[in-house]
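Numbering (my numbering), first residue to last: 24 to 415.
In this text, a Cβ means the ideal position worked out from N, Cα and C, and glycines have one as well.
Remember, it's a predicted structure, so these values are computed and weren't measured experimentally.
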């Protein structure tokens, strides 16, 4: 390893991050990709997915990953270093079948650690990881990042019974698992180095909390975009919208305003999705929901009290109402993200509510899908580095 150090500082003091390639240089090498990505969208990606990746590799966003984890970057060598961070070693990454974009996002983050990575792509989902790596290798200029993606990233797809799972766990110093509870338990039970660490990000649910006075047309547009990209399949997608201290009239109004926004779009969903949405609306009405489909049956919107049986179809969004205390009680055991639209999100009552809940992320609505170095309450990206205490 070369003596390429990046110095940071936080409330605990100054740290040095030792890398074979300086972190600012890696971030800089990602930037030419933005021009190539702006010109061409590979057929494996939707336009929304590609736009999200384009924003994710922005230099400011990648720099924020470092500063969020280690503290602000220093321009001069500090007189006293309290901690040294160095890449921990090989990482193994298991990806889910439903949220395909997690692969490219994770690989971008892991590229900042320079650790070699073996990836098990979802066996039934789209393998966006391979498609993204191939695109990068073709379009990146010569340099350490291109060599890293071409040589240190190994993406494979195999079934759940394959012995390759054990090959991955036996070699990896860091295990990162996205998938079902059963899959994570099975992988973690395989032999792995005693000094290795593992992170299991398993089945989670999310929802949105609105205050009616804060709902704007821009908010409805954001809600549509946030829900549409994954539907109910994504762990960060809102399964329902809860109007805090709202009522039936306000829920119906929000549903109708969202439907009106959708009516301005000229989109034809896949026939199977449209058919399922018609069926979902009929079932929702039978269960007591005020349900409707949007233009061309793109979505099903169902408004009603929270004690009604929900509809589990992929593109069904529920709109309900509750007091803050009721909303807390009704949170599922596996709650992850609350995407909020609030008048004053800094009000202490929200902090108090979060502290009494199992919520892992409490973020503005537009940030529900934003992936970062902390997930489900774990600093998984920082853990791809070893920490060495420096005492003088």
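*Simplified DSSP state of residue 228, which is helix, strand or coil*: The answer is strand: DSSP assigns residue 228 an E or B state.
*Ignore the nearest five residues each way along the sequence and tell me which others in residue 383's own chain have a CB closer than 6 Å to its CB.*
Cβ neighbours of residue 383 beyond the five flanking positions: 359, 399 and 400.
*Straight-line CA distance for residue 142 to residue 264?*
Going by the C-alpha atoms only, they are around 35 Å apart.
*Can you give me the start and stop residues for the beta strand (DSSP E) that residue 162 sits inside?*
Premise fails: residue 162 lies in the alpha helix (DSSP H), 151-162, not in any beta strand (DSSP E).
_Whole runs of the alpha helix (DSSP H) within the segment 338-371, excluding any shorter than 4 residues_ = Taken in chain order, the unbroken stretches of alpha helix (DSSP H) that lie wholly in the segment 338-371 and span 4 residues or more are 347-352.
_Quick check on residue 299: does DSSP put it in helix, strand or coil?_
In the structure shown, residue 299 sits in a helix (DSSP, three-state: H, G or I).
*Roughly how many angstroms separate the alpha carbons of residue 340 and residue 227, rounded to a whole number?*
C-alpha of residue 340 to C-alpha of residue 227: approximately 17 Å in a straight line.
_Meets three-Cβ-pair contact criterion under 8 Å: the segment 160-167 and the segment 66-82_ = The segment 66-82 and the segment 160-167 do not touch, with fewer than three beta-carbon pairs separated by less than 8 Å.
*Give me the Cα-Cα distance between residue 137 and residue 110, rounded to the nearest whole angstrom.*
Each residue's Cα considered, the two are about 7 Å apart.
*Going by beta carbon distance, what residues of the same chain come within less than 6 Å of residue 177, once the five residues before and after it are set aside?*
Same-chain partners within the cutoff: 141.
_residue 111 in three-state terms, based on DSSP_ = In the structure shown, residue 111 sits in coil (DSSP, three-state: anything other than H, G, I, E or B).
_Mapping the DSSP letters down to three states, classify residue 80 as helix, strand or coil._
DSSP, read as helix, strand or coil, puts residue 80 in coil.
*Buried or exposed (CB count within 10 angstroms, at least 16 for buried), residue 408*: By the neighbour-count rule (16 or more Cβ atoms within 10 Å), residue 408 is buried.
*Boundaries of the alpha helix (DSSP H) in which residue 293 is found, first to last residue*: Per DSSP, residue 293 belongs to no alpha helix (DSSP H) and is neither H nor E.
*asked:* Tell me the DSSP secondary structure of residue 223 in three-state form.
replied: Under the three-state reduction of DSSP, residue 223 is assigned to strand.
_Cβ-based burial, residue 72 [other Cβ within 10 Å; buried from 16]_ = Label assigned to residue 72: buried.
*Measure the alpha-carbon distance for residue 237 versus residue 146 and round it to whole angstroms.*
The alpha-carbon atoms of residue 237 and residue 146 are separated by roughly 42 Å.
*Can you check DSSP and say which residues form a bridge with residue 31?*
Checking the DSSP bridge columns, you'll see residue 31 partnered with 38 and 96.
*Would you mind sorting residue 378 into buried or exposed? The rule is 16 or more other CB atoms within 10 Å of its CB.*
Exposed, by the Cβ-count rule.
*asked:* Helix, strand or coil, according to DSSP, for residue 54 in the structure here?
replied: Of the three classes helix, strand and coil, the one that applies to residue 54 here is helix, per DSSP.
*Where residue 32 and residue 403 are concerned, what is the direct C-alpha to C-alpha distance, given to the nearest angstrom?*
Straight-line Cα distance between these residues: approximately 20 Å.
*Excluding sequence positions up to five away, which residues of its chain have a Cβ less than 8 Å from the Cβ of residue 70?*
Counting only residues of its own chain and dropping the five nearest sequence neighbours on each side, residue 70 has a CB closer than 8 Å to the CB of 64.
_Taking the straight line between their C-alpha atoms, what separation do you get for residue 120 and residue 283?_
Near 32 Å, if we compare the C-alpha coordinates of residue 283 and residue 120.
*Where do the ends of the beta strand (DSSP E) carrying residue 208 lie?*
That residue, residue 208, is in no beta strand (DSSP E); its alpha helix (DSSP H) goes 204-211.
_Per DSSP, what are the beta-bridge partners of residue 281 in this structure?_
For residue 281, which the question treats as bridged, DSSP gives no partner whatsoever.
*asked:* Rounded to the nearest angstrom, what separates residue 127 and residue 293 at their Cα positions?
replied: So the alpha carbons of these two residues sit roughly 25 Å apart.
_When you compare the segment 289-306 with the segment 262-277, are there three or more beta-carbon pairs, one atom per stretch, that lie closer than 8 Å?_
The answer is no - the segment 262-277 does not touch the segment 289-306, with fewer than three Cβ pairs under 8 Å.
*asked:* Taking the alpha-carbon of residue 347 as reference, which of 380, 216 and 337 has the nearest alpha-carbon?
replied: Residue 380 is the option with its Cα nearest to residue 347.
*Supposed contact pair residue 171 and residue 100 - C-beta distance, whole angstroms, cut 8 Å*: So it is not a contact: roughly 26 Å between Cβ atoms.
_Buried versus exposed call for residue 332 [16 or more other C-beta atoms within 10 Å across all chains shown]_ = Classification of residue 332: exposed, given that the 10 Å Cβ count is below 16.
_CB of residue 13 within 9 Å of CB of residue 342, strictly_ = No answer is possible for residue 13: it lies beyond the span of the chain, which begins at 24 and ends at 415.
*Can you name, in chain order, every residue of its own chain whose Cβ lies under 6 Å from the Cβ of residue 394, other than the five neighbours on each side?*
Once the five neighbours on either side are set aside, the close Cβ partners of residue 394 are 128.
_Can you find the residues in the same chain that come closer than 7 Å, C-beta to C-beta, to residue 46, ignoring five residues on each side of it along the sequence?_
If we look at residue 46 and ignore the five residues flanking it on each side, its Cβ neighbours are 29, 40, 89 and 135.
_Among 392, 233 and 311, nearest to residue 344 - alpha-carbon criterion_ = Selected option, being the one with the closest Cα: 233.
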